[in-house]
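Note that the numbering used here numbers the sequence shown so that position 127 is 135, with each residue one more than the last.
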Amino acid sequence: MKLWSVYGLIVGLLVCSACADAPYLRNQYETACTLPDLELAEAWDLLEEARSTPGGCDHDARGMDRCRALHREIERIAFVCPNHIPSLMTTAVLAYEDKDFAKASERLSSILNLVKVHPDAAVLRARIALEEGNLPFALTFLKQRMELSPDHAQLREVYAATLFLSGRLEEARTQLAVAEQLGAPRWRVAYHLGLFEERRGELQKARLLYQESVDLKSDWNLPISRLHGLLTKPFSGKKPSDLDGSYFELPPVLK
């Protein structure tokens, strides 16, 4: 092999190695907001790949936790690009997944201060309020946000869940019907209607709705769990306020 070919091969390997390491090492020396869309996409894709691979979040040969390193890289992008909404949203999602609701709420507030309308950020902020049990805030916040995004199905779904937990069952049913008309998936709507019927003591109707949900999405555990719950611990005797958001399959969190 000619010398220049060997040299080219070595350089190519080094360049590829640097590219592969970039998300791990970039935060050590880059403090300028340069290409946030590209950098975020790169880090997020690698994080998703690691999280979906057995052992993908283990320590690498350098003893570095891959997933935590990629978390830090995404945080770096959001820090050096404070007006980059996708980075703020992604860090909010990661904080939510880590149950750091204060941090997630702070990032979501930053987004909603930057742009008047961002329904996905509003959905996540409302989810946090529900999980914290802050129903008054969730009701007021969602009502305001639906005025800005009246055709957003996921906002309607979360509002329906909030109304249900507040004991306003008929209003919740109405909002869920609107959400379905706007595109909310039937498997999720059927499950939530099952919750409403179970709460009313209509256990046979609830059973049929839960079964419909299972038939539409057979790998989903929540309706299966409630089908078993009808035999053991139906909550028809409970007040909606005694329940919590864990019974609901709220719309997926989007980055």
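Glycine included, each C-beta is placed from N, C-alpha and C at the ideal position.
Since this is a predicted model, take the numbers as computed values, not measurements.
| Check | Outcome |
| --- | --- |
| Three or more C-beta pairs below 8 Å linking the segment 124–131 and the segment 151–169 | yes |
| Of the residues L138, L96 and D108, the one placed nearest N121, counting alpha carbons only | L96 |
| Closest residue to C41 among S174, L203, P90 and T98 (Cα-Cα distance) | P90 |
| For D66, the three-state DSSP class (helix, strand or coil) | coil |
| C-alpha gap between E140 and V186, whole angstroms | 26 Å |
| Own chain partners of R234 with C-beta closer than 6 Å, once the 5 adjacent residues on each side are dropped | Y218 |
| Rounded Cβ spacing between L116 and R133 (contact assumed at less than 8 Å) | 5 Å |
| Nearest-angstrom Cα separation, counted from L211 out to H4 | This structure cannot speak to residue 4, because the chain is shown only from 9 to 263. |
| Of the residues P231, R207 and L78, the one placed nearest R196, counting alpha carbons only | P231 |
| E56, buried or exposed, once every other Cβ within 10 Å from all chains shown has been counted against 16 | exposed |
| Whole-Å CB distance - T98 paired with I119, under 8 Å assumed | Wrong, their Cβ atoms sit about 11 Å apart, outside the cutoff. |
| Cutoff 6 Å; reference A58; Cβ partners in own chain excluding five residues on either side | G64, C65, R74 and C75 |
| Identity of the residues DSSP links to D73 by a beta bridge | H67 |
| DSSP state of A180 mapped onto helix, strand, coil | helix |
| Nearest to R215 (by Cα), restricted to the options L201, L143 and A137 | L201 |
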